[in-house]
Amino acid sequence: MQFTHEHREIQNTLKRYIDEHINPHVDEWEAAEIFPAHEVFKGLGQLGLLGLTKPEAFGGAGLDYSYSLAMAETLGHIHCGGVPMAIGVQTDMATPALARFGSDELRAQFLAPAIAGDMVGCIGVSEPGAGSDVAAIKSVARKDGDDYVITGQKMWITNSLQADWMCMLVNTSDGPAHKNKSLVMVPMREKGQLVKGIEVAQKIKKIGMNSSDTGLIYFDEVRVPQRYRIGAEGAGFIYQMQQFQEERLWCAASTLQSLTNCIEWTIEWAQERKLFGATLADQQWVQFKLAELKTEVESLRALTYLSCEHYVAGEDVTEWATMAKLKAGRLNRLVPDTCLQFWGGMGFTWENRVSRMYRDGRLASIGGGADEVMLGILTKMMGIAKRPAH
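In the numbering used here, the protein residues as written are 791 to 1180.
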């Protein structure tokens, strides 16, 4: 896959916005453990960057997924992991199923404002007792007349302290675990206030991704019209699995630039750092390790681009996207850890750019499906592990 002039123009536009409106404030947002999502998203929306692959009828650009990949990669220029992740939730995690299967009414009410940057969205899948095991969620939506009445909890929810709506996976029947779930659009705020029955129970303090707000959300008899369901009842698990293809590709692509930056920052440091009458960069061990790291990152880039090329062609890329997500998680641990060692004591300081990557990058092997879940999916697709009976 090759980026065209149009891809590069989008990347250049986003890079300018990052340099002028995001990076100057990152340290402040990291300290505050939150960033102004509505303000940042509105700026991105005005540039047409929040709906690159979404239908033109609802404000999107109607482009293929390679443009989302190009955007995800460019977000790696942001000097933290939390803000890019929050943007990715809006563009590639909370909205694909809505855009693909939602009614025109739903898309006008929730998707169009998200593309414009007027609404912040979040995706509600994980729960206190169900993270990577999506089938184990307990939140329930029971029918009452023309409404669903939702009760349950969602945890680890990015953007949830500021979100206007949640694309929520809930159990809508007592059937088999893979056939009883639906995706429902749940309004979270009206005129700036939480909807009745919704409580932000906790703002979760994390070891990294500090500028991203992450919440534990309670739902107590929250009433939502049944017409807010995305697509067919009981198809939510399937829709979410399809949505995961884009999420995994996004996760892989979003690491490419940040990992490259980490290596380049370390090369610059190593060329300046004096050690035993030479520079750190003069040590062959350091040279070889940095060369190995770059090779690993470029291997991930090749796999991610290949996956995207086939996805754009309409193929199921679950296997390749899963591999890319797995590899990205591993490299987000390996690259910052190796580079931090070369920074010595400076790498152990809080403000250091590499130490921030070390903290932020650890999530990549957990969020969006842990490494072990990715391996389980791959072994099933390879035919070396049994698929559970549904």
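The beta carbon of each residue, even a glycine, is placed where N, CA and C say it ideally should be.
Q.
Any heavy atom of the ligand MG closer than 7 Å to the beta-carbon of Asp964?
A. Absence of the ligand MG from the depicted structure is noted, as is the absence of any ligand whatsoever, leaving it without description.
Q | For Met978, the three-state DSSP class (helix, strand or coil) | A | coil
Q. Who are the Cβ neighbours of Ser916 in its own chain at under 6 Å, not counting the five residues just before and after it?
A. Met945, Trp946
Q. Exposed or buried, what is Gly1104 when buried is set at 16 or more other beta-carbons lying within 10 Å of its beta-carbon?
A. exposed
**Q.** DSSP beta-bridge partners of Pro1126
**A.** Its beta-bridge partners do not exist; DSSP assigns none.
Q) Relative to the alpha-carbon of Arg1019, which residue among Met958, Ile877, Ser858, Leu839 has its alpha-carbon at the smallest distance? A) Met958
Q) Apart from the five residues on each side of it in sequence, which residues of its chain come closer than 8 Å, Cβ to Cβ, to Pro903? A) Met909, Asp954
Q | Beta-carbon proximity of Glu863 to Leu1046, cut-off 8 Å | A | yes
Q: Locate the beta strand (DSSP E) running through Cys957, then write down its first and last residues.
A: 955-961
Q: Run the CB neighbour count on Ser1089, radius 10 Å, all protein chains shown included, and call it buried at 16 or more, exposed below.
A: exposed
Q.
Taking its Cβ as the centre, do 16 or more other Cβ atoms sit within 10 Å of Thr1169, making it buried, or is it exposed?
A. exposed
Q) Quick one: Cα of Val1087 to Cα of Phe1078, how far? A) 14 Å
**Q.** Helix, strand or coil at Pro903 [DSSP, three-state]
**A.** helix
Q: For the stretch 1108-1115 and the stretch 1158-1167, state whether three or more C-beta atom pairs, one from each stretch, are separated by less than 8 Å.
A: yes
**Q.** Pick from Ala847, Lys832, Ser1155, Asp1150 that is closest to Ile997, judged by C-alpha positions
**A.** Asp1150
(Q) Restricting to Cα atoms, I'd like to know which of Asn1051, Gln1030, Arg979, Arg897 is closest to Ser922. (A) Gln1030
Q. Excluding sequence positions up to five away, which residues of its chain have a Cβ less than 6 Å from the Cβ of Gly871?
A. Met999, Asp1150
Q. From Lys995 to Pro918, what does the alpha carbon distance come to, in whole angstroms?
A. 15 Å
Q) Considering Asp1161, what are the terminal residues of the beta strand (DSSP E) in which it resides? A) Counting along the chain, Asp1161 falls outside any beta strand (DSSP E), though it belongs to the alpha helix (DSSP H) covering 1161-1171.
Q. What is the DSSP secondary structure of Trp946, counted as helix, strand or coil?
A. strand
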